[in-house]
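Just below is one structure, and these are the notes that go with it.
Protein chains: 2
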Amino acid sequence: MSRFRQDSASVGVVTPQTFAHETPFALRSGVVLPRFDLVYETYGALNAQRNNAVLICHALSGNHHAAGRHSADDAKPGWWEACIGPGKAIDTNRFYVVALNNLGGCHGSTGPCSVNPAGGTYGPDFPTVTVPDWVHSQALLADHLGIERFAAVIGGSLGGMQALQWSIDYPERVRSAVLIASAAKLTAQNIAFNEIARHAITSDPHFRDGRYREQGLNPDVGLALARMIGHVTYLSDYGMGRRFGRDLKSGDLSSGQGVEFQVESYLRYQGQSFSRRFDANTYILMTKALDYFDPAADYGDDLGEALRRVTAEFLVVSFTTDWRFAVQRSQELVHALVRADKRVTGAIIDSEHGHDSFLLPLPRYLDVLGTYMTRLHEEHCGAS
Amino acid sequence: MSRFRQDSASVGVVTPQTFAHETPFALRSGVVLPRFDLVYETYGALNAQRNNAVLICHALSGNHHAAGRHSADDAKPGWWEACIGPGKAIDTNRFYVVALNNLGGCHGSTGPCSVNPAGGTYGPDFPTVTVPDWVHSQALLADHLGIERFAAVIGGSLGGMQALQWSIDYPERVRSAVLIASAAKLTAQNIAFNEIARHAITSDPHFRDGRYREQGLNPDVGLALARMIGHVTYLSDYGMGRRFGRDLKSGDLSSGQGVEFQVESYLRYQGQSFSRRFDANTYILMTKALDYFDPAADYGDDLGEALRRVTAEFLVVSFTTDWRFAVQRSQELVHALVRADKRVTGAIIDSEHGHDSFLLPLPRYLDVLGTYMTRLHEEHCGAS
Numbered sequence: 021m022s023r024f025r026q027d028s029a030s031v032g033v034v035t036p037q038t039f040a041h042e043t044p045f046a047l048r049s050g051v052v053l054p055r056f057d058l059v060y061e062t063y064g065a066l067n068a069q070r071n072n073a074v075l076i077c078h079a080l081s082g083n084h085h086a087a088g089r090h091s092a093d094d095a096k097p098g099w100w101e102a103c104i105g106p107g108k109a110i111d112t113n114r115f116y117v118v119a120l121n122n123l124g125g126c127h128g129s130t131g132p133c134s135v136n137p138a139g140g141t142y143g144p145d146f147p148t149v150t151v152p153d154w155v156h157s158q159a160l161l162a163d164h165l166g167i168e169r170f171a172a173v174i175g176g177s178l179g180g181m182q183a184l185q186w187s188i189d190y191p192e193r194v195r196s197a198v199l200i201a202s203a204a205k206l207t208a209q210n211i212a213f214n215e216i217a218r219h220a221i222t223s224d225p226h227f228r229d230g231r232y233r234e235q236g237l238n239p240d241v242g243l244a245l246a247r248m249i250g251h252v253t254y255l256s257d258y259g260m261g262r263r264f265g266r267d268l269k270s271g272d273l274s275s276g277q278g279v280e281f282q283v284e285s286y287l288r289y290q291g292q293s294f295s296r297r298f299d300a301n302t303y304i305l306m307t308k309a310l311d312y313f314d315p316a317a318d319y320g321d322d323l324g325e326a327l328r329r330v331t332a333e334f335l336v337v338s339f340t341t342d343w344r345f346a347v348q349r350s351q352e353l354v355h356a357l358v359r360a361d362k363r364v365t366g367a368i369i370d371s372e373h374g375h376d377s378f379l380l381p382l383p384r385y386l387d388v389l390g391t392y393m394t395r396l397h398e399e400h401c402g403a404s
Numbered sequence: 021m022s023r024f025r026q027d028s029a030s031v032g033v034v035t036p037q038t039f040a041h042e043t044p045f046a047l048r049s050g051v052v053l054p055r056f057d058l059v060y061e062t063y064g065a066l067n068a069q070r071n072n073a074v075l076i077c078h079a080l081s082g083n084h085h086a087a088g089r090h091s092a093d094d095a096k097p098g099w100w101e102a103c104i105g106p107g108k109a110i111d112t113n114r115f116y117v118v119a120l121n122n123l124g125g126c127h128g129s130t131g132p133c134s135v136n137p138a139g140g141t142y143g144p145d146f147p148t149v150t151v152p153d154w155v156h157s158q159a160l161l162a163d164h165l166g167i168e169r170f171a172a173v174i175g176g177s178l179g180g181m182q183a184l185q186w187s188i189d190y191p192e193r194v195r196s197a198v199l200i201a202s203a204a205k206l207t208a209q210n211i212a213f214n215e216i217a218r219h220a221i222t223s224d225p226h227f228r229d230g231r232y233r234e235q236g237l238n239p240d241v242g243l244a245l246a247r248m249i250g251h252v253t254y255l256s257d258y259g260m261g262r263r264f265g266r267d268l269k270s271g272d273l274s275s276g277q278g279v280e281f282q283v284e285s286y287l288r289y290q291g292q293s294f295s296r297r298f299d300a301n302t303y304i305l306m307t308k309a310l311d312y313f314d315p316a317a318d319y320g321d322d323l324g325e326a327l328r329r330v331t332a333e334f335l336v337v338s339f340t341t342d343w344r345f346a347v348q349r350s351q352e353l354v355h356a357l358v359r360a361d362k363r364v365t366g367a368i369i370d371s372e373h374g375h376d377s378f379l380l381p382l383p384r385y386l387d388v389l390g391t392y393m394t395r396l397h398e399e400h401c402g403a404s
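Those protein sequence lines, which keep their order, are chains D and A. Plus 20 on top of the position in the first sequence (first one is 1) and you've got the working numbering. Plus 20 on top of the position in the second sequence (first one is 1) and you've got the working numbering.
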């Protein structure tokens, strides 16, 4: 058992809000968006000193709905309900928590599904967005909310990449960066899985070069395949073995007649349900942001040099069976931070749940994150 | 350097032959094939005692062309040229080597591309074939060739499963079984990757429930995707990092404009070239044979009980970075064999090349395999 709550304690019913940025926004690519919306939610209250704000950055398929429910009878809470709430590891009695849907997303923020001022919806014409672009847009949201400096910027996976980029691009605005199951850059294998997922989507005949919506179509099959590939790589061999093993849903193994394994039907269900709730162009955009992330590249491939101006302290967490964002990747981050003379806490959590571990209420994980956040609050979020 | 040859020494030009089995053949499923052909090649000569024969069982996408060339100007040798030839680890000066294309294959043996006596080609009507069915058909080929007992049955991956099944089903006909990068059964993760590959093929609109040939179509896109997924899982993260890293083929990472990584273009090429040379129905059939293989299942999930009548000795080889058929799977085989009181040699080879290692001329691997085969020849293949 963790000493932080993992029960039904919740921030309750939350209502998403919209930050409308009505002036031009220049992306790294040189493309300028005339305006954008960011949908966000907040949990807890900003204190008088405005020093208890925490930013939650989402991963590939996440969004602004990180905790609570959208109505009293909403069956499903936010994606990080395990960690965010009163008495939880990210304690909303202490912190003012901000979660948003990133630029390019498909849950309300301006992205491929949004109206293109040039006519129609953006679709495939929505520009490439990079992690630094996200961080830039999140800084504008922080301005809007009156947050000069975050007590912590926190994220898992692609979210951790944003937290790292925050510490590099806005050293004066980040007290602490929490990088969970993340990496300073993707490996070739990781890029390969993303490319296969993109290839599955773009080669679906319903993709129509990304203009599927205009034609009343959706590349369901390709998007489901992309998700199936992703899903397998977010789990561990061991965890899948414990959960499914070689259990059959139907058929006879010895004769090979009518065989369907439980893991097969589970994966197909996961793929199909995802393809109904996520936009294909956004999936492509998000995986590219993942692939292209490489903060050291701007500094002669020297991560230490990229970190030179950083003032934040760090918590770096990884999970033993995560092979998509392996422990080694987090250790590389820890070593680079130590070499750059930064304050860093590293934790490797035993878990059988692979990359998905960062979403789960694992007691030791909650203890590490919650203890860190409690200390952070005590040191930095009181009256000055 | 290995003490076994890995240079251009070759069995030279070889001509495939056909074994036509003209009587009914009952499969495990209960389906009876009225007849079948098996295409095979042989290298080296059967000695007077007929005790120097070696059977090579192929993996998922392999075939009968294991060594040599089909003509003097054939650019590409057989798939296991690294290991089979004069002076090589499987020395054709010593052994009479038989390699075949399995039943259900697409390189000449009876399979989905063959004429269906009921009319047309079999296509998706070709019955499910299991590893025991393959072994049964291979035994008939051995009868045809006058081989009562193999000095060794050898295979990598799915080929190793056949070698194991041989030792169980025909204990009196196998002196030694060589299981390379193999497993006693697939894990849930492995089945999941196979299912995604099958799903990619069957959801290609050109698949037409497997009747693509009749309609002059081919599910190129789905088959290419299936191969891309397979290919990534046959390599290691480390090996891909060494080979491709984050090298770009084009574009600018910082702006995200026109980015293509080397690994992406490599994978797409691999997928496309595979889809031109392999049959989709065969791919589905082969992956199912992999998934369904589970010799212990017939013996109350007790592998030791399955091995009870086995008289063969074993060589079990695995490779450190192989995560599709991990070292642990081979160790499970070794432990089961030891517990069942069989003679077994186990070797774990350091390699950065993942599952594909079993196809490569790695010096330590060649030494282990070649030394084992030399000893086998000395002990069992002389004049009696």
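All C-beta atoms in this analysis are idealised placements derived from N, C-alpha and C, irrespective of residue type, glycine included.
Residue i versus residue j - alpha carbon distance
i         : j         : result
GLY390(D) : GLN348(D) : 23 Å
ALA332(A) : ARG363(A) : 8 Å
GLY259(D) : GLY374(D) : 7 Å
ALA217(D) : GLU284(A) : 11 Å
THR62(D)  : ALA95(D)  : 20 Å
TYR312(A) : GLY278(D) : 11 Å
VAL33(A)  : GLY107(A) : 17 Å
SER49(D)  : VAL135(A) : 56 Å
ASN72(D)  : LEU396(D) : 9 Å
CYS77(D)  : SER256(A) : 30 Å
Where residue i meets chain D, residues with beta-carbon distance less than 7 Å
i         : result
TYR312(A) : LEU273, GLY276 and VAL279
GLY261(A) : THR207 and ALA208
PRO225(A) : PRO225
ASP257(A) : THR207 and GLN209
LYS308(A) : GLY276
Delimiting residues of the alpha helix (DSSP H) encompassing residue i
i         : result
HIS90(A)  : Premise fails: HIS90(A) is in no alpha helix (DSSP H) and is neither H nor E.
SER350(D) : 347-359
SER187(D) : 178-189
VAL252(A) : 240-254
GLY261(D) : 257-263
Cross-chain neighbours of residue i in chain D, by beta carbon under 8 Å
i         : result
THR150(A) : SER274, SER275 and GLY276
ILE249(A) : ILE216 and ILE249
GLU284(A) : ILE211, ALA212 and GLU215
ALA220(A) : ALA220 and LEU245
ALA317(A) : LEU273 and SER274
VAL252(A) : GLN209, ALA212, PHE213 and ILE216
VAL241(A) : SER223
Which of helix, strand or coil DSSP assigns to residue i
i         : result
GLY278(D) : strand
GLY324(D) : helix
GLU399(D) : helix
PHE294(A) : helix
GLY107(A) : coil
GLY366(D) : strand
Chain-ordered neighbours of residue i on chain A, where CB pairs are closer than 9 Å
i         : result
LEU353(D) : Neighbours of LEU353(D) on chain A: none; closest Cβ ~16 Å, over 9 Å.
ARG296(D) : Those do not exist, as ARG296(D) stays about 16 Å from chain A at its closest Cβ, beyond 9 Å.
Proximal residues of chain B, C-beta to C-beta of residue i below 8 Å
i        : result
ARG48(A) : Within the model displayed, chain B is absent; protein chains D and A are what it includes.
Residue span of the beta strand (DSSP E) that contains residue i, given as start and end
i         : result
TYR6(A)   : Only positions 21 to 404 of chain A appear in the structure, and residue 6(A) is not among them; the question remains open.
GLU101(D) : That residue, GLU101(D), is in no beta strand (DSSP E); it is neither H nor E in DSSP.
ILE167(A) : Counting along the chain, ILE167(A) falls outside any beta strand (DSSP E), and DSSP gives it neither H nor E.
VAL336(A) : 333-339
GLN209(D) : That residue, GLN209(D), is in no beta strand (DSSP E); its alpha helix (DSSP H) goes 208-222.
HIS41(A)  : 37-41
Residue i and residue j closer than 8 Å at C-beta
i         : j         : result
THR141(D) : GLY64(D)  : no
LEU353(D) : ALA204(D) : yes
LEU379(D) : ALA102(D) : yes
ALA201(D) : ASP342(D) : yes
Listed by chain order, chain A residues near residue i by CB distance under 7 Å
i         : result
PHE264(D) : ALA208
Neighbouring residues, chain D, relative to residue i (Cβ below 9 Å)
i         : result
LEU287(A) : ALA212, GLU215, ILE216 and HIS219
Partner residues on chain A for residue i, Cβ-Cβ distance less than 8 Å
i         : result
ASP229(D) : None at all; the shortest Cβ gap to chain A is about 15 Å.
LYS269(D) : By Cβ distance, chain A contributes nothing, its closest Cβ being about 12 Å from LYS269(D), past 8 Å.
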